[in-house]
Amino acid sequence: MSKKPVQTNTLFNYFSSPKTTPKKSTENGESKNSTPTTKKVKKELDDSDDEIRPIKRQRSALIDSDSEPENESPNKRKPPKTESTPKSKKPKVQYSPSTTEEEDEEESSADEQPRSSKKKSTNKNKSIISQESVLKSFAYTKSDEKTEFDKEEVAIKKPKNKPKAELDSGWLHETLVFMKPDKIMDAERRKPSDPNYDPKTLYVPDSYLSSLTPAMRQWWVLKSQHMDAVLFFKVGKFYELYHMDAVVGVQQLGFSYMRGEFAHSGFPESAYGKMATMLIDKGYKVARVEQTETPDMMAERCKQLKKTTKFDKVVAREICQVSTKASCVFGAQLPEPRSEVGNYLYAIAAKVNTDNTSRFGVCFIETSIGVFYVSEFDDDKHCSKLLALFAEYCPGLILTERAANYGPFKNLLNTHLKEVMQEQLAAKTQFYPAATLLEKLFSECYFKDKEGKFAWPKLFGEIAEECNPKPEYELALKSLGAVHWFLKKSYLDIQLFSMGLFEKYEPVLTEGGLKIKHVERDYMILDSTTIQNLSLLGGKGTLQKTLDFCKTPFGKRLLPLWICRPLCNIEKIKLRQDVVKELYDFPQKLQACQDILKKLPDLERQVAKIHTYGNKFCVTNHPDGRAIMYEAKIYSKRKIMDLLKTLRGFEAAQDIPNIFKNCESRLLRKLTQFEPNGMNVDLTKTLTFFKQAFDHAAAEKEGTVTPKRGVDEDYDNIERAIEEIEKELQDYLKEQCKYFGCQVTYFGNDKKRFQLEVPETRANKADEEYQLEGSKKGNKPAKRFSTPTTKELLQKMLKAESERAKIVLDLNRRIFEKFSQKYDQWQQVIHCLATLDVLCSFAEYATSFSGGDICKPNVEPFSVKPFISIESGKHPCVSNIENFVANDSYMGSNEMAPLLLLTGPNMGGKSTLMRQVSIISIMAQMGSFVPASQCSLSLIDRVFTRLGAFDDIVRGHSTFFVELSEASTILKHASLQSLLIIDELGRGTSTHDGNAIATAYVKKLIGMQCRTLFSTHYHSLVDHFVDTPEVQLGHMACMVENEEDETEESVTLLYKLAEGRCPKSFGFNAAKLAGLPATIVARARQLSKEVEEEDKARNAFRQIFREGLKIGEIVKLLSSLEV
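full-length UniProt numbering puts the first residue of the sequence shown at 1, with every later residue one more than the last.
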């Protein structure tokens, strides 16, 4: 990688200084011209024999704030002194704390507009231009203040007489031998050619580590375990990016390099949320590294060591969170994701059967919500169930086992899932076996009951017996083991596993077939092929986009799940329809409800976030609980705001029951009314508790919670203890006043408190019990005494105050914990609100529909004579629906056959009509209104689609093979109650072969008697079934003008379904519209006519010699031929 020049038009003026010229290095940072080896390296990088002369500090190389006093205000720091360096001597760059190099800046959150400061440029004509690609600039000042531990320094010398080309050849990390492609190894010293090579780790030689400054050594140690992540490395008040990470910062975030031998960039702590989000959205993995010691804590630690080295004299740093698109816990530093729909973290374990089918164990989680889903199931060779799962719950990252046999799923990873992030884990050590996982979960402190004892979550009683996995769930637990390892490696395990939310995922049932007249099931089956072919999910032009009028993020997440699983239960369908109808009939109620819903925050994610804030085990055991944050007060305020915003959201939702107090719909009452009349929860008591628990305005302003009496037992007890001590002090003071016969007062503060101040004229009554502590001169001289009683009361007070201080520090967490204790209540309300939101969305779709008629469909149970009847139906997802041509569709109704053989001109609307019937049927079983004047159908158990044409290069399958594979799946799994959409089967091979296969296939479908739309351009296929009563013929009408004059022929597509067959496909009209040369079109017409005449003659010849044909019929056949 070539070095990027220093930018002058940077966001951070602070980072605009040009870097010093880098040196060519070999392993351990050694110069090419240097002699072997370690001593020379140390001389280059840490020349401790040379005198280090302080110069004006630059934010260059490694900037170490390890000795910065934590309580020092940046506003009081002195400006830097500029010292000139004689040209005759080599300048040395000192590694110094970045917190002593900060500019004065007002404390503000990352959301506030910062001020940029002007800086004297070293280049005369340098201009400062802000980049639009970078978000904001931040002010800073430098300081040369030092403490006793601010002594880690490295001299970087400018090489003499080096050619300029060599100086600009690359950054230090590009020249290190252990980073070279042919030398690189993982942490276990395995090379990339090793099948067990782990690219997430890196071997860094000890000799190189020993040559570095303490903080830079910390960076390399952490980086060597997280080579796949960009480290945001906290140094004082800044997050620094070094080496290859700095290059990412410059290229992706618009930073500029800072002066120094190696790549270096960075940004202030307050901008973490924006910078991390930008990288995560671009697909990067971001590791946040925090300082977990203050300089005082570091000094105390060093005192406890018998012998210290320079590597001990550095504040401790730890990774606090590794974030990706699919694995991120949002909090005070990291704002909520922009997308309502989550990206799921998956782990998949597999076992391949002898017939090339597979058994899968799956675990997936949306980390911003915290529910683990586990499942284990058998799947076909196409992985239909697994693909349906991916359609329902979109994968953001898939974990697989390295070198495992995944059978057909491996091909899917390279085709359908090639755009999804994937990560391979080592068997056993990372992709835990089931038994290993259970042992690890048992040894951790994730799962606790109310008494603090270990308790397995409910689901584990079904899939395991204590620490022994059940055989039928071995793969499911194994996949959960991989997720556990990954989350622990990302420092997210405590936050998520401690919630204890585990659910069993039931896969789509694909079993069926002709032997089963209908399958009793709760949901219609829609496999991934059908979801894709019908454009059910996604953005513009999809059913999801058409129906999405949801006002809440959690409603928007529920909608696609409903689309993927339409109901097959008549009662449930009618309950939904009744809700939609009532909301449709009373738009004022719909509007009032949506006005409340649209103001709600993402309650589902907020509840999960607050759980993390209140988790004591997380606070005491997670590195984030030890992190030293400069903006701690701002983060504390944000946490309080999250709580208050969530409470206000739930409070607003409590007004919804009043809107639907007298509603008629049973489901609407159930969703909105409080128990026992409904399943909604009356939160009045709970919300009143939190409203009265503390002063919300003060907490919002100060970022701390001071609970009122009765809220926190420990706080109440310590307050009572302090009150009792104060009462004892007052009682004792009264005794002393009586004893001395004058007014006696307490004097002193902190540990010198409660001295008895007695007027000097009365002090002679003090006996040996009174210890003189001091005296007061002046007009009212007095003596000050302490007694055993005052000393005892002082110690009691100090102990009580110390205990109170500990409790006060923990009060915010405790109030969050109390919120989390009501999780079941919150979740029940959220479920009701999400369901209501989707039903309101259906109602708004109906009220806002501008394309003509819309109706409540009549859905009937499974029938021995399944049918569909749609009058004036329109495709729900077209953009210009007002001008869309409506069509009637009858299958198995109105004395029409269940199989419609559809012909018509190219681009005449055949595929659109087939999709239209399918989507209207799906909407009907979802409980929605549909765009038609009338719609009736019996339940559909599964929709099959055979649309489009594509090959599978990875598997080596041709277009025709893929087409026939899909057709074969339909025959195997379709039942009497299924709906089949088959578009131009047989077109992938020769006309004769394709025609023969299509004809045989239609004959098979006739015997199945299921509802089918079958489109074709094979007119001989249509001829074959002209007189078949089980088949109805239909075509998309068109108007042809000047048909006799080939050059003037004009075809107008009417997009209207008409009875009977279409005489021809008018392919030449499509060719003409596509812009093919007129000569080619004309020649094609001539050849087509010749082939058509030959075909007619051949058919006539066959008919003439057919047995039993009369003379008159023979004459008629001969006369039809052109000579």
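Using N, Cα and C, we set each Cβ at its ideal position, and we do this for glycine too. Please read these numbers as outputs of a predicted model, since none were measured by experiment.
Whose CA, out of the options, lies closest to the CA of residue i?
i	options	result
residue 1131	V315, L334, K313, D281	Any answer about residue 1131 is impossible in this case: the structure gives the chain only from 1 up to 1123.
L389	Y373, Q544, T400, T1028	Y373
G904	N883, E984, Q828, L567	E984
E773	K765, A763, S786	S786
Y446	L212, H1035, F409, L492	L492
K799	F862, Q736, N812, I718	I718
R648	N621, Q606, K633	Q606
I854	S863, P861, E844, K727	E844
G541	R915, R762, T1016, D824	R915
Q591	K551, L561, P601	K551
G614	G678, K639, F816	F816
V235	K806, P214, V250	P214
Q934	A276, K691, Y890, L901	Y890
D888	L901, I881, N906, I868	I868
From what residue to what residue does the beta strand (DSSP E) around residue i run?
i	result
C320	317 to 323
V580	Premise fails: V580 lies in the alpha helix (DSSP H), 570 to 585, not in any beta strand (DSSP E).
Q755	755 to 759
G774	771 to 776
Determine the DSSP secondary structure at residue i, reduced to helix, strand or coil.
i	result
F617	helix
Q916	helix
F554	helix
H264	strand
V235	strand
residue 1151	Residue 1151 lies beyond the residue range present for the chain, which begins at 1 and ends at 1123; the question has no answer from this structure.
D281	helix
G273	helix
E166	Model confidence at E166 stands at a pLDDT of 38, short of 50, so the residue's coordinates are unreliable; what they give is reported in the following sentence. E166: helix per DSSP, three-state reduction.
S193	coil
K180	coil
L798	helix
I657	Checking the sequence shown, residue 657 turns out to be Pro, not Ile. Helix.
R288	strand
S528	helix
C1038	strand
D714	helix
F442	helix
S921	helix
residue 1171	Residue 1171 lies beyond the stretch modelled for the chain, which goes from 1 to 1123, so this question has no answer here.
Q333	coil
A1058	strand
Looking only at its chain, what residues have a beta carbon closer than 6 angstroms to the beta carbon of residue i, apart from the 5 residues adjacent to it on each side?
i	result
E376	G361, Y473, L475, A476
F819	I610
K822	T686
F650	L683
Near residue i, what residues of its chain come up, given a Cβ to Cβ distance below 7 angstroms and the 5 sequence neighbours on each side ignored?
i	result
V579	S665, L667, L668, L839
V878	F884
A693	P707, K708, V711, I815
K783	V758, E760, A763, L772, S775
G539	K545
Could you pull the start and end residues of the alpha helix (DSSP H) that residue i belongs to?
i	result
K691	684 to 693
H1019	1019 to 1024
C832	823 to 848
G461	460 to 463
V221	214 to 223
G481	474 to 489
What residues in its chain sit with their C-beta under 8 angstroms from that of residue i, if we drop five residues either side in the sequence?
i	result
F409	I348, A350, S358, F360, C383, L386
L543	L534, S535, L536, L537, I563, P876, C877, I919, I922, M923
Y584	L590, A843, A846, T847, F929
V230	L241, D245, V248, G249, L279, Y284, K285, V286, A287
Give a yes or no on whether 7 angstroms exceeds the smallest Cβ distance from residue i to chain C.
i	result
K313	The chain labelled as chain C is not found in the depicted structure, where only one protein chain is given.
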